[in-house]
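*Asks:* Letter by letter, the sequence shown follows residues 40 to 124 in this note's numbering.
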Amino acid sequence: MTPRADSCSAMIAGVREISLIEIGAGWELHAKTGTMPELGWWVGWVQKEGRIYCFALNFGRTDANLDTAPRIQLGKACLEALGVL
């Protein structure tokens, strides 16, 4: 491996480590929330059975949805409905 490839591998491993939020039966959920003045989001991926499922949810930001918990709950419900979790 070249030094650049080693560096990329180390960065990818670091992202996987810090983004891991939950482990289930045969799957790993990696995700991150974020906000801007008028927008909130929850993005990430699920690793399951050797496959990667990417997702991104955007939410209009109001006082009622400043908290990240509703974004995560809705996102996980969608992933469960799709059979990813």
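Note that CB positions come from ideal geometry on N, CA and C, so glycine has one too.
Note that the structure is predicted; figures quoted are calculated from it, not measured.
Give the single residue among 61, 110, 69, 63 whose Cα lies nearest to the Cα of residue 51.
*Replies:* Taking only the C-alpha atoms, the option nearest residue 51 is 69.
*Asks:* Please name the residue, chosen from 61, 49, 46, 77, that lies closest to residue 99 on a Cα-to-Cα basis.
*Replies:* Comparing Cα-Cα distances from residue 99 to each of 61, 49, 46, 77, the minimum goes to 77.
*Asks:* Drop a sphere of 10 angstroms on the beta-carbon of residue 54, count the other beta-carbons inside from all chains shown, and report buried for 16 or more, exposed for fewer.
*Replies:* With fewer than 16 other Cβ atoms within 10 Å, it is exposed.
*Asks:* For a test of your reading of the model: does the CB of residue 76 fall under 7 Å from any non-hydrogen atom of the ligand GDP? Yes or no.
*Replies:* By its list of ligands, the structure shown contains no ligand whatsoever, and the ligand GDP lies outside what it can speak to.
*Asks:* Under three-state DSSP, which class holds residue 88?
*Replies:* If DSSP states are grouped into helix, strand and coil, residue 88 belongs with coil.
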